[in-house]
Amino acid sequence: MTAERLSLAELPRLRREGRVRLPPYDPAELAVGIVHLGVGGFHRAHQALYTEDAVRAGDDPRWGICGVTQRSAGVVRLLRPQDGLYTVLDRGPGHLSARVAGPLREIVHAGDEPDLVRGRIASPAVSIVTLTVTEKGHRRAGDGGLDLADPVVLADLAGGPAVSAVGRLARGLQERMRRGGAPITVMSCDNLVAGGAVLRRLVLDFCAALPAAEGGPLAGWIEDAVRFPSSVVDRIVPAATDADRRDAAGLLGVRDEGAVAAEPYRQWVIQDDFAAARPRWELAGAVLTSDVAPYEAVKLRLLNASHSLLAYLGALAGYDTIAEAVGDPGLAAAARRLMEEDAGPTLTVPPGVDLAGYRQAVLERFANPALPDRTVRVAMDGSQKLPLRLLGTARDRLAAGATPEWAALGVAAWMVYVARGRDARGRPLPLDDPLADRLRAAASGVTTPRTLVERLTAIEPIFGRDLPETDSFTTAVTTHVTHLLHTP
Ligand code: CS2
Numbered sequence: 025m026t027a028e029r030l031s032l033a034e035l036p037r038l039r040r041e042g043r044v045r046l047p048p049y050d051p052a053e054l055a056v057g058i059v060h061l062g063v064g065g066f067h068r069a070h071q072a073l074y075t076e077d078a079v080r081a082g083d084d085p086r087w088g089i090c091g092v093t094q095r096s097a098g099v100v101r102l103l104r105p106q107d108g109l110y111t112v113l114d115r116g117p118g119h120l121s122a123r124v125a126g127p128l129r130e131i132v133h134a135g136d137e138p139d140l141v142r143g144r145i146a147s148p149a150v151s152i153v154t155l156t157v158t159e160k161g162h163r164r165a166g167d168g169g170l171d172l173a174d175p176v177v178l179a180d181l182a183g184g185p186a187v188s189a190v191g192r193l194a195r196g197l198q199e200r201m202r203r204g205g206a207p208i209t210v211m212s213c214d215n216l217v218a219g220g221a222v223l224r225r226l227v228l229d230f231c232a233a234l235p236a237a238e239g240g241p242l243a244g245w246i247e248d249a250v251r252f253p254s255s256v257v258d259r260i261v262p263a264a265t266d267a268d269r270r271d272a273a274g275l276l277g278v279r280d281e282g283a284v285a286a287e288p289y290r291q292w293v294i295q296d297d298f299a300a301a302r303p304r305w306e307l308a309g310a311v312l313t314s315d316v317a318p319y320e321a322v323k324l325r326l327l328n329a330s331h332s333l334l335a336y337l338g339a340l341a342g343y344d345t346i347a348e349a350v351g352d353p354g355l356a357a358a359a360r361r362l363m364e365e366d367a368g369p370t371l372t373v374p375p376g377v378d379l380a381g382y383r384q385a386v387l388e389r390f391a392n393p394a395l396p397d398r399t400v401r402v403a404m405d406g407s408q409k410l411p412l413r414l415l416g417t418a419r420d421r422l423a424a425g426a427t428p429e430w431a432a433l434g435v436a437a438w439m440v441y442v443a444r445g446r447d448a449r450g451r452p453l454p455l456d457d458p459l460a461d462r463l464r465a466a467a468s469g470v471t472t473p474r475t476l477v478e479r480l481t482a483i484e485p486i487f488g489r490d491l492p493e494t495d496s497f498t499t500a501v502t503t504h505v506t507h508l509l510h511t512p
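Using this note's numbering, count along the sequence shown one by one with no gaps and you end on 512.
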């Protein structure tokens, strides 16, 4: 493999060769106008590209991004030597194309450079903070507010460099208030229900837990000057692989350690509620709307719910990828029926969306043979995902007097995944979940399906108080668990 790395210095050569799409401007001339917390593969293949496209279409160089990595410094090592440049490979059935993207103007590991992160959020040139910090990264308690029993949150409240996403955000906003308090927008880009309202509540909970003389003025300023729109993001972006880096190097003629592959499809629906300037993302195909809730429910309850169902059933059956899982007619039928029979009746159809077409497209996207997305990736963090993806649907159907059979199957598959920890071929299945210890303890020594369902549904942060008491739900889950446990 070639020793040279992708960098700004390579752009003139790449432009002359004309083999891949390149940033349609000189990246070095972009100012930093956005801070993004959670600069993983998803951000690089989704929001960063929309932003780059909006910069080009609107001829507006204000919107370079300062990408902040929250946990590991790995992304800094990948992207800093490349001046923030990286390749996104579009992998569709029988189709491969590549573009080099340049909107990431700074890459910062928050743990190493906390002052830089705070200073950027406070900078008057920055008018937007976006976040993809995962469901668990929000550190919510069972009631949806900030988990004030979490030692990381407590340490952040006590002062010193913040470690949690909400702590970093709140400290950055505090610094901004001190430096004049220019209005700013904080936009949630995680797979949450009402992510903007969730984030706002968490930040205000953080303020309320600070000493009153400190937290009171901050909360007051946030109420006045900060907006928290929700947004719905969609693009399947598996973890980058050696094959991605190899293909990128083949196309570029230099190494790209930051290459990431994604499906061709992308969608972004944004609540149009900004405190100050923003890129004209609509020029890049984003939908700006006053109400994202119907889009959010469609995405979580159709795409993400059937993704999780296929991940647990598929992993148990020994399928490594989502494409293999959806290639199994029984599993594909379960995913289809979850979308049609359980989720469908709970949805309000958003303007311009055809639900039958959406469902069909979801199954086709999952079947994409060119993009190996691992079942265990999607199976991760089930305790955080199930309530948003399956249990809302279950509750709505139960309230309508129906039994949500397919949502119950998804829950049962997760339970068997947790309890058995092995696939049909005897290979271990990782339990990667912030509640892993609690889940393992609940499932250990259990001898009957009924007890397994009782023990796991008793975990209140996941199932609340209502679902363990709802017989038609627990009976449906138990029937599926029984069946799955008897399937080798
Ligand atoms: C997946 C999502 O990780 C998961 O559980 O369901 O990451 C999914 O790939 C994205 O939401 C697609 O937009």
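Where is the CB? At the ideal position from N, CA and C, for every residue including glycine.
Open item on the list: Given 7 Å as the limit, tell me if Ile260 has its C-beta closer than that to any heavy atom belonging to the ligand CS2.
Closed with: The answer is yes for Ile260.
- [ ] Report back the beta-carbon spacing between Asp280 and Ala272 to the nearest angstrom; my notes put them in contact at under 8 Å.
- [x] Right, the Cβ-Cβ distance comes to about 4 Å (below 8 Å), so this counts as a contact.
Open item on the list: Could you check whether the Cβ of Asn328 sits closer than 8 Å to any Cβ belonging to chain B?
Closed with: The question asks about chain B, but that chain is absent: this structure has only one protein chain.
- [ ] Tell me Asp280's beta-bridge partners as DSSP assigns them.
- [x] As far as DSSP is concerned, Asp280 takes part in no beta bridge.
Open item on the list: Using only CA atoms, which one of Ala394, Ala500, Thr506 lies nearest to Arg115?
Closed with: Selected option, being the one with the closest Cα: Ala394.
Task: Where the beta strand (DSSP E) through Cys90 begins and ends - done: Counted as a single uninterrupted DSSP element, the beta strand (DSSP E) harbouring Cys90 occupies residues 88-93.
Task: Heavy atom of the ligand CS2 within 7 Å of Val63 beta-carbon - done: Checking the Cβ of Val63 against the ligand CS2 gives no.
Open item on the list: Below 7 Å, is the gap between the Cβ of Asn215 and the nearest heavy atom of the ligand CS2?
Closed with: Yes - the ligand CS2 has a heavy atom lying nearer than 7 Å to the Cβ of Asn215.
Open item on the list: Less than 7 Å separating the Cβ of Asn328 from some heavy atom of the ligand CS2?
Closed with: Asn328 has its CB nearer than 7 Å to a heavy atom of the ligand CS2.
Open item on the list: Taking only three categories from DSSP, how would you classify Leu170?
Closed with: Of the three classes helix, strand and coil, the one that applies to Leu170 here is strand, per DSSP.
Open item on the list: How far does the beta strand (DSSP E) with Ser212 in it extend, from its first residue to its last?
Closed with: Counted as a single uninterrupted DSSP element, the beta strand (DSSP E) harbouring Ser212 occupies residues 208-212.
Task: Limits of the unbroken alpha helix (DSSP H) element including His574 - done: Any answer about residue 574 is impossible in this case: the structure gives the chain only from 25 up to 512.
- [ ] Using only the heavy atoms of the ligand CS2, determine whether one of them is closer than 7 Å to the beta carbon of Val470.
- [x] The nearest non-hydrogen atom of the ligand CS2 is 7 Å or more from the C-beta of Val470.
- [ ] Rank Leu276, Cys213, Gly277, Ala243 by C-alpha distance to the C-alpha of Pro253 and give the top, closest one.
- [x] With distances taken between Cα atoms, Pro253 lies closest to Cys213.
Task: Nonlocal neighbours in the same chain, by C-beta distance under 7 Å from Val322, ignoring five residues either side - done: Residues Leu371, Pro374, Val377, Tyr382 of the same chain have their beta carbon placed closer than 7 Å to that of Val322, with the five preceding and five following residues left out of the count.
Open item on the list: Using only the alpha-carbon positions, how far apart do Tyr527 and Val505 sit?
Closed with: Nothing can be reported for residue 527, as the shown portion of the chain is limited to 25 through 512.
Open item on the list: For a quick check, are the C-beta atoms of Ala437 and Leu337 less than 8 Å apart?
Closed with: A contact, by the Cβ cut-off of 8 Å.
Open item on the list: Is His133 near the ligand CS2 - that is, is its Cβ less than 7 Å away from at least one heavy atom of it?
Closed with: Between the ligand CS2 and His133, a heavy atom-to-CB distance of less than 7 Å is absent.
Task: Cα-Cα separation, Glu364 to Asn392 - done: Distance between the alpha carbons of Glu364 and Asn392 is about 21 Å.
Open item on the list: Give me the DSSP bridge partner(s) of Asp258.
Closed with: Answer is Gln291.
- [ ] Specify whether the segment 148-166 and the segment 52-60 touch according to this definition: at least 3 beta carbon pairs, one from each stretch, less than 8 Å apart.
- [x] They touch, by the three-pair rule.
TODO: Would you kindly check if the distance between the Cβ of Ala448 and the Cβ of Ala341 is under 8 Å?
DONE: It is a contact, given that the beta carbons lie within the stated cut-off.
TODO: Taking all protein chains shown into account, decide if Glu484 is buried (16 or more other Cβ within 10 angstroms of its Cβ) or exposed.
DONE: Exposed.
Open item on the list: Going by C-alpha to C-alpha distance, which of Ala97, Pro288, Thr399 sits closest to Leu355?
Closed with: Of the listed residues, the one whose Cα sits closest to Leu355 is Thr399.
Open item on the list: Just verifying my parser: in three-state terms, what is the DSSP assignment at Val435?
Closed with: Of the three classes helix, strand and coil, the one that applies to Val435 here is helix, per DSSP.
Task: Val402: CB within 7 Å of a non-hydrogen atom of the ligand CS2 - done: Under cutoff, so the answer is yes.
Task: Backbone CA spacing between Pro36 and Pro105 [nearest angstrom] - done: Cα to Cα, Pro36 sits roughly 17 Å from Pro105.
TODO: Taking only the alpha-carbon atoms, compute the straight-line gap between Gln295 and Gly469 and give it to the nearest angstrom.
DONE: Roughly 47 Å separates the two Cα atoms.
Open item on the list: Nearest by alpha-carbon distance to Ala218: which of Leu197, Val316, Trp305 is it?
Closed with: For Ala218, the closest of Leu197, Val316, Trp305 by C-alpha to C-alpha distance is Val316.
TODO: Measure how close the beta-carbons of Val190 and Arg163 come, nearest whole angstrom, since I'm counting them as under 8 Å.
DONE: Going by Cβ atoms, the distance from Val190 to Arg163 rounds to 7 Å, so yes, they are a contact pair.
TODO: Whole angstroms is fine: what's the gap from Leu433's alpha carbon to Arg444's?
DONE: CA-CA distance, Leu433 to Arg444, rounds to 16 Å.
Task: Which of helix, strand or coil DSSP assigns to Pro452 - done: Three-state result, Pro452: strand.
TODO: Pull up the DSSP beta-bridge partners for Tyr110, would you.
DONE: Beta bridge pairing from DSSP links Tyr110 with Ala125.
Task: Residue range of the unbroken alpha helix (DSSP H) whose run includes Thr475 - done: Segment 473-481, the alpha helix (DSSP H) holding Thr475.
- [ ] Can you check DSSP and say which residues form a bridge with Thr313?
- [x] Thr313 pairs with Gln295.
- [ ] Give every residue of the same chain whose Cβ lies closer than 6 Å to the Cβ of Pro303, excluding the five residues on either side of it in the sequence, and list them in chain order.
- [x] The residues are Thr75, Ala78, Trp87.
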